[in-house]
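Residue numbers (UniProt numbering), protein chains in the order written: chain L, 1 to 312; chain D, 1 to 312.
Where is the CB? At the ideal position from N, CA and C, for every residue including glycine.
Computed from a predicted structure; not experimentally measured.
Written below as structure tokens is the structure these notes are about.
Okay, here's the thing in structure tokens:
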């Protein structure tokens, strides 16, 4: 259960007077979500999702919330933030930065079909296209400099063979530069638990709080490493091809992107291998996250090293 | 049937490449609508409404489309325009200015209940509040100067007693000034056929192409004159009270507004009495409108003259 900050009906009703969304009927905590507190808020106008940010500060939110608004305005399936009477998307509630967004249909799918992978790929490309006109910028805080420095601090505590494998990957990635590839707004965390599906239709991408400006192909690789990965940890060829076909039906990869694709798949795996190692070896005091298994992404990276067919 | 401009699938599919809303699945003409051509457009991402503007020019659209986007962002139930790859809401299609908006649920209700009138009143007040932060402005082209000049050109052709009654009303309104009342964005045409209802919930206000900046109370009076009017042409007391109660649950009327209310109800009736007389006596060549009965609003105005209880 991920309701870290409790909000009462009276407190919420008072806060809602800054909005034009009718009278509060009920609120209900949402169990899903790892980092923030979420509630369903029902008013006389409809259902919304209330998010209280447990880590991000109020002045860090405009990039993410204006991005979601921009993408929604362009027809990308994602929650649309609701603006208040000061035309702001966020303000303090119960001492935390808080926002309201539209409530989407659909649900998470643990074991997606190839058709669902294709739909996700298509929507990701639509998101990349729609991001072209978004004016704000945010650097990726978890790029190569971050993973190299973070890995360097962990080798000494890791099993020797795992450390050698990690070091090999960091050294491999240091020989690559992706700066010549098309860049734009990336979701950067488009795992299965951040997409709502309604049958084979994408009802919405959610949780844009890792979004940033980076190489578009990196986003495709992050998505593929999760969406096409089966229960056994192996990448399923059909799902990988479907996701790429969906993506390329909207935005065909360039020659440079195709050439960079094998190493980008490994870079995308490395990023989550390192962050999971960090969560494992350096758990934050009071951190409200599930520790996820770093081995999953070690296996992804090591299998990509041995792969010869990259589904292009 | 109100499809004045035909659009083919190939032509539409080519135009849709400027959007990030997936691949065209089908399009279907919409019979409702008097002035513009509307289609349902189904894509792999969902259902949208395509409007081709038969009268408004491309450079006249930003006020209306940005207003709808602003209101939707603030949680007011209305269609949200979809932006294209140039971040524009409209461009030419089949030689006409055209836009895509989100498709709402709900349907028109010919004989609304009091609860529905209350919900409409509440949403109208929410719209007025949300309009406070909308930066663009548009004068009302059909204000007192317009109805006085228009009526003056019609008296000679009208039945003498009708002309006398119209003249009496124009003269009455010329003695009133509403400039001291709260102003803002008004829909200015919130009749039953411009609201979609889903049970007792307002699913959406539509057809914002008469919206402008004017006295807020005028919008309340326009809505009441239609929503509370029964089959017999009389205003139903319960529905009138319900609409006002819904409105005032969000934005209580000021003392000045309460004092102006009886004459404002007549002003709102006069505006449609005159426009319907104009359509009747001066039908535009090739105009694609149903001629609506001017007597309906003559009766509304004359009954308001005789009324003593204005439901406040």
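Alpha-carbon to alpha-carbon, residue j and residue i
i	j	result
residue 136 of chain L	residue 64 of chain L	9 angstroms
residue 16 of chain D	residue 28 of chain D	15 angstroms
residue 54 of chain L	residue 96 of chain L	7 angstroms
residue 59 of chain L	residue 282 of chain L	27 angstroms
residue 306 of chain D	residue 117 of chain D	23 angstroms
residue 270 of chain D	residue 147 of chain D	8 angstroms
residue 80 of chain D	residue 278 of chain L	43 angstroms
residue 196 of chain D	residue 220 of chain D	18 angstroms
residue 171 of chain D	residue 239 of chain D	29 angstroms
residue 276 of chain L	residue 154 of chain L	11 angstroms
residue 210 of chain L	residue 272 of chain D	53 angstroms
residue 166 of chain D	residue 123 of chain D	32 angstroms
residue 5 of chain L	residue 129 of chain D	30 angstroms
residue 73 of chain L	residue 201 of chain L	18 angstroms
residue 105 of chain D	residue 126 of chain L	25 angstroms
residue 222 of chain L	residue 190 of chain L	7 angstroms
residue 158 of chain L	residue 174 of chain L	21 angstroms
residue 246 of chain D	residue 150 of chain D	34 angstroms
residue 234 of chain D	residue 169 of chain D	19 angstroms
residue 160 of chain L	residue 71 of chain L	45 angstroms
residue 141 of chain D	residue 40 of chain L	43 angstroms
residue 56 of chain D	residue 284 of chain D	15 angstroms
residue 13 of chain L	residue 255 of chain D	27 angstroms
Close beta carbons around residue i, own chain, < 8 angstroms, minus the five adjacent residues each side
i	result
residue 312 of chain D	244, 253, 258 and 261
residue 92 of chain L	58 and 98
residue 176 of chain D	260, 263 and 267
residue 67 of chain D	131, 134, 136, 185, 208 and 211
residue 82 of chain D	19, 21, 48, 89, 99, 100, 101 and 102
For residue i, the nearest candidate out of the options (CA to CA)
i	options	result
residue 90 of chain D	D:69, D:77 and D:78	D:69
residue 42 of chain D	D:299, D:53, D:24 and D:58	D:24
residue 295 of chain L	L:211, L:171 and L:162	L:162
residue 224 of chain D	D:167, D:14, D:300 and D:18	D:300
residue 309 of chain L	L:241, L:178, L:230 and L:144	L:241
residue 297 of chain L	L:236, L:229, L:263 and L:248	L:229
residue 78 of chain L	D:21, D:34 and D:26	D:21
residue 204 of chain L	L:187, L:212 and L:156	L:187
residue 139 of chain D	D:194, D:151 and D:213	D:213
residue 34 of chain D	D:160, D:194 and D:107	D:194
residue 119 of chain L	L:40, L:192 and L:292	L:192
residue 143 of chain D	D:179, D:249 and D:49	D:179
residue 113 of chain D	D:248, D:227 and D:292	D:227
residue 199 of chain D	L:45, L:26, L:173 and L:14	L:45
residue 111 of chain L	L:206, L:291, L:293 and L:232	L:232
residue 75 of chain D	L:56, L:76, L:71 and L:87	L:87
residue 274 of chain D	D:56, D:284 and D:152	D:152
residue 237 of chain L	L:291, L:218 and L:304	L:304
Same chain, Cβ closer than 6 angstroms to residue i, neighbours up to 5 away in sequence not counted
i	result
residue 51 of chain D	36, 38 and 99
residue 7 of chain D	94
residue 1 of chain D	Per-residue confidence for residue 1 of chain D stands at a pLDDT of 41, beneath the threshold of 50, marking its modelled position as unreliable; the derived number appears in the next sentence. 31, listed in sequence order.
residue 182 of chain L	216
residue 302 of chain D	none
residue 102 of chain L	79 and 80
residue 18 of chain D	84 and 85
Own chain partners of residue i with C-beta closer than 7 angstroms, once the 5 adjacent residues on each side are dropped
i	result
residue 132 of chain D	184
residue 3 of chain D	29 and 37
residue 10 of chain D	none
residue 249 of chain D	122
residue 109 of chain D	116, 192 and 197
Cβ of residue i within 8 angstroms of any chain B Cβ
i	result
residue 90 of chain D	No chain B is present in this structure, whose protein chains are L and D.
Problem set entry | Within 8 angstroms of chain L by C-beta, residues of the stretch 115-126 of chain D in sequence order | 119, 122, 123 and 126
Exercise. Which residues, taken in chain order from the stretch 61-88 of chain D, show a beta carbon closer than 9 angstroms to some beta carbon of chain L?
Worked result: 69, 70, 71, 72, 73, 74, 75, 76, 77, 80, 81, 82, 83, 84, 85, 86 and 87
Problem set entry | Segments of 3+ residues assigned as beta strand (DSSP E) that fall wholly inside the stretch 160-206 of chain L | 183-186, 195-198 and 201-205
Exercise. For the stretch 250-310 of chain D, which segments carrying the alpha helix (DSSP H) assignment without a break, of at least 4 residues, lie completely within its bounds, in sequence order?
Worked result: 255-281 and 295-306
Exercise. Closer than 8 angstroms, Cβ to any Cβ of chain D: which residues of the stretch 184-199 of chain L, in chain order?
Worked result: none
Exercise. At a Cβ cut of 9 angstroms, what residues of the stretch 12-25 of chain L count as close to chain D, listed as they run along the chain?
Worked result: 19, 20, 21, 22 and 23
Exercise. Which residues, in chain order, does the stretch 126-158 of chain D contribute to contact with chain L at a C-beta distance below 8 angstroms?
Worked result: 126, 127, 129, 130, 132 and 133
For this session: Give the residues from the stretch 88-105 of chain D that approach chain L closer than 7 angstroms (Cβ to any Cβ), ordered along the chain.
Result: none
Exercise. Which of the residues in the stretch 38-57 of chain D, read from start to end, lie with their CB under 8 angstroms from any CB of chain L?
Worked result: 44, 45, 46 and 48
Problem set entry | Segments assigned alpha helix (DSSP H), at least 4 residues, entirely inside the stretch 8-79 of chain L | 9-16 and 61-73
Problem set entry | 4-residue-minimum alpha helix (DSSP H) runs that sit fully inside the stretch 211-243 of chain L, ordered along the chain | 216-227
For this session: Could you name each continuous beta strand (DSSP E) segment of 3 residues or more that falls completely within the stretch 84-151 of chain D, going from the start of the chain to the end?
Result: 91-93 and 96-102
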